[in-house]
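Participant: Residues 266 to 586 (this note's numbering) make up the sequence shown, in order.
This is the structure I have questions about; it appears just below.
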Amino acid sequence: MPDSSTADAGDAPPGHAVLSAELRDADRVVWCGAGALLRGSLSRRGVPVVVRSRMEVRAGPVVVFSVPVAGCEGTELFAGASRDVWEAVRQSVMEWASVMGPRTVLLAAPRPCPAGTRRADEITQCVSDAVYVHGVAGQETCLVDELAQRGAFVVDGFDAVPRGATVVFAVNGLPAYARGEALRRGLVVVDSSMCQETTGTAPSPRHDAAVVHGDKPCGAGASRRRFLRTVIEDADLLLVVDRVTSPASARLVELVRRRGTPAHLVDSADGILPDWIRGARTIGLTAGSPAALVVVNEVVSAISGLGPTEVLECAVPSTTV
């Protein structure tokens with residue numbers, strides 16, 4: 266059973282759970298790193314959540330349920346609840362307390378970023394006029410902020426690109442008509458997408474004209490697959506962080522499952538279920554896209570809130586252009 270105490274959680278509305286990273290009891294301060302996991306559990310029970318910067322143990326309308334995390338001094342699992350959601354909050358705390366323990370996280374490194382997108386960033390640094398980058402937003406969001414800071418415009422079409430401007434194709438997988446449409450509009454086309462041959466070769470114009478360039482995505486996905494092969498025999502579980510609608514990440518998950526390792530696709534730490542990590546002492550973790558890197562950090566933090574956690578980065582060769 267979790268310990269319970271009353272707390273002052275500010276203006277927490279009735280019927281809500283209260284989550285915070287910090288709980289103060291006189292001079293004692295404890296921390297909760299697994300708030301995202303608790304938030305997901307409460308959401309699945311239909312309990313609305315408010316987040317406070319901190320809670321204080323003193324007379325108040327909220328009851329706090331807490332469980333110390335073994336091996337992590339000053340860390341507890343805790344959540345507050347108004348009277349009508351006491352039981353739901355208690356159950357949420359208890360289900361995560363039941364899977365506490367030390368773990369190792371195998372983290373893919375470097376993080377996924379298409380080589381064509383990196384090359385697009387390099388091109389914008391060499392061109393003094395305005396540059397329009399096509400393809401980043403539609404596939405990966407890596408380096409979008411950096412491109413914008415350099416004065417480049419990220420577009421998913423050509424309507425906003427003035428005639429005579431430079432447009433950079435950042436990723437493979439663009440429809441075949443895109444290049445023709447850009448040229449028809451009088452745009453200067455720079456193709457930074459991945460060469461379809463062995464990296465390091467430069468095909469002749471005659472040979473290049475004879476090669477049909479497919480519509481496959483660039484090599485970032487291949488790097489993730491190499492990571493999976495690296496960790497699949499060592500991990501008890503694989504978590505792939507990406508949009509749950511991502512076909513590429515769904516295929517990665519299916520590949521791992523076929524090889525006998527449990528795997529799940531999540532778009533946030535809230536989506537992790539206690540039963541997934543029950544008994545899993547080594548967890549593989551990878552981002553399905555650069556946009557998911559922030560969530561990867563959130564997942565690592567949440568898992569660390571359940572017990573001592575060692576994070577090991579597994580180096581995966583990156584593809585260059």
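We treat Cβ as the ideally placed atom computed from N, Cα and C, and that holds for glycine.
Taking 8 Å as the cut-off, does the segment 542 to 550 touch the segment 305 to 315 (at least 3 CB pairs, one atom from each stretch)?
Facilitator: Because the criterion of three Cβ pairs below 8 Å is not met, the segment 305 to 315 and the segment 542 to 550 do not touch.
Participant: For the 8 Å Cβ check, are there 3 or more pairs between the segment 331 to 341 and the segment 511 to 523?
Facilitator: No, because fewer than three Cβ pairs between the segment 331 to 341 and the segment 511 to 523 fall closer than 8 Å, the two stretches do not touch.
Participant: Rounded to a whole number of angstroms, what is the C-alpha to C-alpha distance between G325 and A299?
Facilitator: Along the sequence shown, read from residue 1 onward, the residue named residue 325 stands at position 60. Along the sequence shown, read from residue 1 onward, the residue named residue 299 stands at position 34. About 24 Å.
Participant: Would you mind reading off the limits of the alpha helix (DSSP H) that contains R355?
Facilitator: Reading the sequence shown from its first residue, position 90 is the one you call residue 355. Here the alpha helix (DSSP H) through R355 covers W351 to A362.
Participant: Which residues in the same chain as V364 place their Cβ atom closer than 7 Å to its Cβ, once the five residues preceding and following it in sequence are excluded?
Facilitator: For the purposes of this step, residue 364 is taken as residue 99 along the sequence shown, with counting starting at 1. Cβ within range, chain order: P539, I542, R543 and L571.
Participant: Which partner residues of H281 appear in the DSSP bridge assignment?
Facilitator: Residue mapping note: residue 281 aligns to position 16 of the sequence shown, counting from 1. Note: H281 sits in no beta bridge, so no partner.
Participant: Give the DSSP bridge partners of W296, in chain order.
Facilitator: As a working note, residue 296 is residue 31 in the sequence shown. W296 is bridged to E287 and T340.
Participant: Assuming E588 contacts T340 under a Cβ cut-off of 8 Å, what Cβ separation, rounded to an integer in Å, is found between them?
Facilitator: The first residue shown for the chain is 266 and the last is 586, placing residue 588 beyond what the model contains.
Participant: From which residue to which residue does the alpha helix (DSSP H) around R516 run?
Facilitator: Locating residue 516 in the sequence shown gives position 251, counting from the first residue. Segment P512 to R523, the alpha helix (DSSP H) holding R516.
Participant: Using beta-carbon positions only, say whether L502 and P527 come within less than 8 Å of one another.
Facilitator: Counting from one through the sequence shown, the residue named residue 502 turns up at place 237. Counting from one through the sequence shown, the residue named residue 527 turns up at place 262. In contact: L502 and P527 (Cβ atoms closer than 8 Å).
Participant: Leaving out five residues before and five after W296 in sequence, what residues of the same chain have Cβ atoms less than 7 Å from its Cβ?
Facilitator: Your numbering for residue 296 matches position 31 in the sequence shown. Hits under 7 Å: A286, E287, G339 and T340.
Participant: Tell me the rounded alpha-carbon separation between E352 and L371.
Facilitator: The count along the sequence shown starts at 1 and reaches residue 352 at position 87. The count along the sequence shown starts at 1 and reaches residue 371 at position 106. E352 and L371: Cα-Cα distance of roughly 35 Å.
Participant: In whole angstroms, what is the alpha-carbon distance linking R310 and V420?
Facilitator: Here residue 310 refers to the residue found at position 45 of the sequence shown. Here residue 420 refers to the residue found at position 155 of the sequence shown. Each residue's Cα considered, the two are about 41 Å apart.
Participant: Helix, strand or coil for T526? Go by DSSP, reduced to three states.
Facilitator: The residue given as residue 526 occupies position 261 in the sequence shown. T526 falls in the coil class under three-state DSSP.
Participant: On the DSSP bridge assignment, give the partners of T547 in chain order.
Facilitator: Along the sequence shown, one-based indexing puts residue 547 at 282. Paired residue(s): T369.
Participant: Please classify Y397: is it buried, with 16 or more other beta-carbons within 10 angstroms of its beta-carbon, or exposed?
Facilitator: Numbered from 1 along the sequence shown, position 132 holds the residue referred to as residue 397. The residue is buried, with at least 16 neighbouring Cβ atoms inside 10 Å.
Participant: What did DSSP end up calling P427 once you bin it into helix, strand or coil?
Facilitator: On the sequence shown, position 162 is the one that residue 427 refers to. P427: coil per DSSP, three-state reduction.
Participant: Put G572 into one of helix, strand or coil per three-state DSSP.
Facilitator: Indexing the sequence shown from 1 puts residue 572 at position 307. Note: G572 maps to coil in three-state DSSP.
Participant: In angstroms with no decimal places, state the Cα-to-Cα distance between T464 and T431.
Facilitator: Your numbering for residue 464 matches position 199 in the sequence shown. Your numbering for residue 431 matches position 166 in the sequence shown. Any reading at T464 must be qualified, since the residue scores a pLDDT of 40, below 50, and its modelled position is unreliable; the value itself is stated next. Approximately 25 Å between the Cα atoms of the pair.
Participant: Where does P326 sit, in a helix, a strand or coil, going by DSSP?
Facilitator: Walking along the sequence shown from the start, residue 326 turns up at place 61. Coil.
Participant: Do L284 and A373 count as a contact pair if the criterion is CB distance below 8 Å?
Facilitator: Residue mapping note: residue 373 aligns to position 108 of the sequence shown, counting from 1. Residue mapping note: residue 284 aligns to position 19 of the sequence shown, counting from 1. Not a contact, by the Cβ cut-off of 8 Å.
Participant: Can you tell me whether S566 is helix, strand or coil according to DSSP?
Facilitator: Start at 1 with the first residue of the sequence shown, and residue 566 comes out as number 301. S566 falls in the helix class under three-state DSSP.
Participant: Taking R317 as part of the beta strand (DSSP E), name the residues at either end of that continuous run.
Facilitator: Stepping through the sequence shown from its first residue, residue 317 is reached at position 52. Run containing R317: V314 to R317, per the beta strand (DSSP E) assignment.
Participant: Any idea what DSSP makes of D532, helix, strand or coil?
Facilitator: Counting from 1 along the sequence shown, the entry for residue 532 is found at position 267. If DSSP states are grouped into helix, strand and coil, D532 belongs with coil.
Participant: Let me know the secondary structure DSSP gives A417 once reduced to three states.
Facilitator: Here residue 417 refers to the residue found at position 152 when the sequence shown is read from its first residue. Of the three classes helix, strand and coil, the one that applies to A417 here is coil, per DSSP.
Participant: Would you say L302 and I537 are within 8 Å of each other, going by their C-beta atoms?
Facilitator: Against the sequence shown, residue 302 aligns to sequence position 37. Against the sequence shown, residue 537 aligns to sequence position 272. Yes. Within cutoff.
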